[in-house]
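Numbering-wise, the sequence shown is residues 6 to 136 according to the working numbering.
Glycine is no exception: its CB is placed at the ideal position from the N, C-alpha and C atoms.
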Amino acid sequence: MSSADRTPGPPRAAQRAFEPVAKALAGRRWFPLWAVVHHRGRKSGTAFETPIAIVPTTDPATVLIGLPWGAHTNWARNVVAAGGAVLTWRGRDVTTTDARIVECDEAAPLARPFFRFVVRRMPAALVLRRS
Numbered sequence: 006m007s008s009a010d011r012t013p014g015p016p017r018a019a020q021r022a023f024e025p026v027a028k029a030l031a032g033r034r035w036f037p038l039w040a041v042v043h044h045r046g047r048k049s050g051t052a053f054e055t056p057i058a059i060v061p062t063t064d065p066a067t068v069l070i071g072l073p074w075g076a077h078t079n080w081a082r083n084v085v086a087a088g089g090a091v092l093t094w095r096g097r098d099v100t101t102t103d104a105r106i107v108e109c110d111e112a113a114p115l116a117r118p119f120f121r122f123v124v125r126r127m128p129a130a131l132v133l134r135r136s
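Here you go:
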């Protein structure tokens with residue numbers, strides 16, 4: 006795959022500025038749209054905690070995470086390789102399985118109607134099942 010086929014990642018300056026705020030809010034009971042995904046590197050085995058945005062779904066057993074930077078996002082590939090992850094979401098740890106990356110056309114119908122427009126604008130999404 007050439008570099009032209011990849012969606013560029015977030016601007017580094019914006020990522021550095023935003024990350025402390027995201028880490029402070031993600032996973033809190035009173036902030037349900039953000040969570041923290043706990044995962045391990047595919048090659049290094051290093052433990053990571055990544056703040057992410059949860060997309061509300063029509064099925065409570067489905068967890069949907071938009072991938073605005075595309076399917077090649079490292080943390081998402083780590084979760085798929087592991088088959089799932091633990092999320093700290095709404096103040097609790099949630100175990101997930103059956104991780105898969107899907108295109109926006111498959112992900113949009115899983116989202117609540119108000120959020121489908123946003124999901125359709127993303128290049129990909131991560132779908133997980135609560136276990």
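- Shortest Cα-Cα distance from V99 to any of W74, V68 and R82 involves V68.
- DSSP places R125 in the uninterrupted alpha helix (DSSP H) bounded by P118 to R125.
- With a threshold of 16 other beta carbon atoms within 10 Å, G88 falls short and is exposed.
- A direct Cα-Cα distance of roughly 33 Å separates G50 from R125.
- Note that the C-beta distance between A130 and I59 is not below 8 Å.
- Around the Cβ of P56, a 10 Å sphere holds 16 or more other Cβ atoms; the residue is buried.
- If you look at D98, you'll find it isn't in any alpha helix (DSSP H); it sits in the beta strand (DSSP E) that goes R97 to V107.
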